[in-house]
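Colleague: In this note's numbering, the protein residues as written are 159 to 389.
The beta carbon of each residue, even a glycine, is placed where N, CA and C say it ideally should be.
All values derive from a computational prediction rather than experimental measurement.
Below: one structure in structure tokens.
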């Protein structure tokens, strides 16, 4: 019988049985602590409605709460393994993103430093695991990676690798110094251009020729002002 994760999630959220019971009650789903402990021990099975209420409370899928799929910790380990393998396979832009992030954060070591020049297998050793977990733990703060942790079986390795690559790129860009031009653009023009583009799209799709002309004129005006301030 598969062990459910009610207790695991309760403890991760620093809740006692009474605390969980009170939390559910505050959401309009009263459930006694005595019932909860029986569910945790597998002595009784919750109704479908109770499963759904508990899953909603912990913000996880019902299937995960019921014990299906790998645990979050195991999923994290597998995600690190995918990062490692795709890096040394030269998959996509993974090498560029990883190396770019390490350079931006002034990290002297690279993954290749853990292996000899004649290495071909690049086994995921304990030392390189420490490296990945030390420098790239931030990926687990991103919602798109958290979702993989609780829905691991729903994603292919390519999909997981793509998300890893994207969040590393996002984090890397955060590390880059901001130029004066970027500060001016972000403060004065970023939102204006987004709104102007939306207005232009709406005018082209739904408006008259006059609406399109006005939208283009407004867009050009913003670009001209941007050019004046930056060039």
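Among the candidates 240, 291 and 283, whose CA atom is the shortest distance from the CA of residue 315?
Modeller: 240
Colleague: Do residue 349 and residue 361 come within 8 Å of each other at the CB atom, strictly closer than that value?
Modeller: no
Colleague: Which residue's Cα is closest to the Cα of residue 354: 372, 337, 345 and 364?
Modeller: 372
Colleague: State yes or no: is the C-beta of residue 310 within less than 8 Å of the C-beta of residue 233?
Modeller: yes
Colleague: Of the choices 243, 382 and 357, whose alpha-carbon is the least far from that of residue 279?
Modeller: Distances from the CA of residue 279 to each of 243, 382 and 357 were compared; the closest alpha carbon is that of 243.
Colleague: Can you list, in chain order, the residues of its chain with a C-beta nearer than 7 Å to that of residue 263? Leave out the 5 residues immediately preceding and following it.
Modeller: 333
Colleague: Chain D beta carbons: is any one of them nearer than 8 Å to that of residue 218?
Modeller: In the structure shown, chain D does not exist; there is a single protein chain.
Colleague: Out of curiosity, what's the CA-to-CA distance linking residue 162 and residue 207?
Modeller: Spanning the two alpha carbons is a distance of roughly 16 Å.
Colleague: Determine whether the beta carbon atoms of residue 318 and residue 304 lie at a separation below 8 Å.
Modeller: no
Colleague: Relative to the C-alpha of residue 320, which residue among 302, 269 and 364 is closest?
Modeller: 302
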